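Asks: Count along the sequence shown from 1, add 1, and you get the number used in the numbering used here.
The beta-carbon is built from N, C-alpha and C at its ideal position, and this holds for glycine as well.
Bear in mind that the values here come from a model prediction, so they are computed numbers and not experimental data.
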Amino acid sequence: MLERALRKNTARVTFVLPPGMPAAEVSVVGDFNDWRPGVYALTPRKDGNRAVTVELPTGRSHSFRYLAAGDHWFNEEAADGQDGPNSLIHT
């Protein structure tokens with residue numbers, strides 16, 4: 002799931018995964034962090050979901066994926082589209 006809050010020049014995008022999907026540690030990686038794992042690791046919230054918030058410039062499209070431990074890559078079902086094998090979000 003994606004939660005968005007638009008501001009003047011940025012969009013606060015929160016990437017949210019339900020508990021246990023997958024059970025391992027997960028990072029969101031994309032063109033906004035040079036595809037580096039661990040920079041935006043999802044952490045538990047009070048509701049049991051895991052999430053991380055990223056500030057992105059508005060008026061752009063960004064490719065991203067989730068990366069879990071064990072080199073398990075997966076996409077966001079609620080993404081705005083696909084960019085090849087990656088999820089796509091428009092800010």
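By the 10 Å Cβ neighbour count, where 16 or more other Cβ atoms means buried, how is Leu7 classified, buried or exposed?
Replies: Its Cβ having fewer than 16 others within 10 Å, Leu7 is exposed.
Asks: The beta strand (DSSP E) that contains Glu4, what's its start and end?
Replies: Run containing Glu4: Leu3 to Leu7, per the beta strand (DSSP E) assignment.
Asks: Between Leu43, Asp81 and Asn10, which has its C-alpha nearest Gly21's C-alpha?
Replies: With distances taken between Cα atoms, Gly21 lies closest to Leu43.
Asks: So Asn87 and Ser62 are in contact, right, with Cβ under 8 Å, and what is the actual spacing, rounded?
Replies: Not quite, the Cβ-Cβ distance comes to about 11 Å (not below 8 Å), so this is no contact.
Asks: In the DSSP assignment, what are the bridge partners of Pro58?
Replies: BP columns for Pro58 point to Thr11.
Asks: I'd like to know whether the C-beta atoms of Tyr67 and Val53 end up nearer to each other than 8 Å.
Replies: The answer is no: Cβ separation not under 8 Å.
Asks: Quick one: is Arg5 buried, meaning 16 or more other Cβ sit within 10 Å of its Cβ, or exposed?
Replies: Counting Cβ neighbours within 10 Å, Arg5 comes out exposed, since fewer than 16 surround it.
Asks: What residue range does the beta strand (DSSP E) around Asp32 cover?
Replies: Asp32 -> no beta strand (DSSP E), and no H or E assigned at all.
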